[in-house]
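For the sequence shown, position 176 matches number 286 in my numbering, and the numbering has no gaps at all. As structure tokens, the structure follows; a few thoughts come after it.
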Amino acid sequence: MKTPEFVKVVDVGPRDGLQNEPGLVPTASKVKLIEMLANCGVQAIEAGAFVSPKWVPQMADTADVFATLKRKSNVVYSALTPNLKGLDGALTSGVEEVAVFAAASETFSHKNINCSIKESIERFVPVCDAALAHGMRVRGYVSCVLGCPYEGDVSPNIVADVASQLVEAGCYEVSLGDTIGCGTAKGAAQMVDCVAKAISINRVAVHFHDTYGQALTNIFAVLPLGVATIDSSIAGLGGCPYAKGASGNVATEDVLYMLNGLGIETGIDMTGLLRASAFICRELGRLPSSKVARALNG
Ligand code: HMG
Ligand code: MG
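See below:
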């Protein structure tokens, strides 16, 4: 099987994971988690979100997180910015990479960002323009790429169309989110293939939630297509506040174990990653959903 030699792992746990916690996680714990991830070799970390605190109170301290964080020069710390107000926050915090987030389902788009898909793209164009003018890189997300909690099946052509619009707006990469983790390998590969034809495989990242236990299999199915960026979440934290029942992203520990087994480089040290996993699980008072963490930290 032909696979990439190096995979960029984007740990979205501090954002996608912690945004879904019922309680507020102390800023100091978030910062420590992000620093532990950076120290064990994770080179891309989604550290927070400049979103409305009324919508997602868990991310209200993102500016404090960035202010406290000791940043390493070889690590990219990114944040979500749904609009110009969010971008202002990111600029003030000295964030180098931001992400705009669209959906392939109208209903999800309304529930998540209170506007249609078309309106969201219109809103992202000035966000991308301003970010690029300030020398930031912009990542795009498409949610519900393999199914929507409200609308059911989603056509890969719609995903490809939204991804193309994000690239046109200035996104260097588009992360394809199986927000509710309902996809399986064949559909995941077909969807990625369809999107790659529209925006090139080099721009594709995958973001699989593990609700049905399919995330690793889906990653395995898309690696031979040339996907070389994988989003994952330390300890498998998370879900989505606007997608009831969705569980966390695939756990970073599980992705690393699989990639190590395939001989794919990531630059991440498993021992340090397991420490970060144990730390955040202790803070949250729960077990990791990562099977690898349970086996090795046990
Ligand atoms: P809205 O209510 O339509 O916006 O929300 P608005 O412009 O009318 O503003 C309402 C209030 O929010 C105002 O405050 C604004 O100032 C404030 P008020 O005057 O009422 O006191 N506001 C903000 N405050 C801080 N930062 C901002 C901001 N913008 C407005 N950036 C909005 C629209 C987009 C703001 C809102 O819907 C929102 O913040 N949504 C974010 C939802 C979210 O974070 N969802 C989770 C992340 S997406 C995800 O998890 C999926 C992903 O992981 C991929 C996958 O798995 O599929 C990425
Ligand atoms: Mg997500």
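Each residue gets a CB set at the ideal place from its N, CA and C atoms; glycine is no exception.
Beta bridge counterpart(s) of residue i as assigned by DSSP
i, result
"Val-210", "Gly-250"
"Val-360", "Partner(s): none; Val-360 has no beta bridge."
"Phe-318", "Asp-288"
"Glu-412", "There is no way to answer for residue 412, as the model of the chain reaches only from 111 to 408."
Residue i (DSSP reduced to helix, strand or coil)
i, result
"Lys-118", "strand"
"Glu-261", "coil"
"Leu-190", "strand"
"His-220", "helix"
"Ser-274", "helix"
"Leu-347", "coil"
"Ser-399", "coil"
"Glu-375", "strand"
"Glu-131", "coil"
"Ser-342", "strand"
"Thr-294", "coil"
"Gly-199", "helix"
"Ser-181", "The sequence given here places Arg at residue 181; Ser does not occur at that position. Coil."
Other residues of its chain near residue i: CB distance less than 6 angstroms, five sequence neighbours each side excluded
i, result
"Lys-140", "Pro-124, Val-175"
"Gly-158", "Arg-125, Met-169, Thr-172, Val-175, Ala-189"
"Thr-348", "At residue 348 the sequence reads Gly, which differs from the Thr that was named. So the qualifying residues of the chain are Asp-126, Gly-127, Asn-130, Gly-358, Asn-359."
"Gln-324", "Thr-294"
"Gly-250", "Val-210, Leu-276, Cys-281, Val-284"
"Ala-338", "Pro-114, Val-117"
Supposed contact pair residue j and residue i - C-beta distance, whole angstroms, cut 8 angstroms
i, j, result
"Val-248", "Ala-214", "That pair is no contact at about 19 angstroms."
"Val-152", "Val-119", "6 angstroms"
"Leu-197", "Val-186", "Leu-197 to Val-186, Cβ: 17 angstroms. No contact."
"Leu-414", "Thr-113", "Only positions 111 to 408 of the chain appear in the structure, and residue 414 is not among them; the question remains open."
"Ser-274", "Phe-211", "Actually they do not touch by this definition, with Cβ atoms about 16 angstroms apart."
"Lys-195", "Ala-148", "That belief does not hold up - the Cβ atoms of Lys-195 and Ala-148 are roughly 27 angstroms apart, past 8 angstroms."
Spatial neighbours of residue i in its chain, beta-carbon cut-off 8 angstroms, leaving aside the 5 residues before and after
i, result
"Lys-228", "none"
Chain-order list of residues whose beta-carbon lies under 7 angstroms from that of residue i (same chain, five-residue window excluded)
i, result
"Tyr-322", "Gly-291, Cys-292"
"Cys-391", "Ala-345, Leu-397, Pro-398"
For the stretch 133-177, which segments carrying the beta strand (DSSP E) assignment without a break, of at least 3 residues, lie completely within its bounds, in sequence order? DSSP assignment within the stretch 133-177 yields the following whole beta strand (DSSP E) runs of 3 residues or more, N-terminal first: 154-159.
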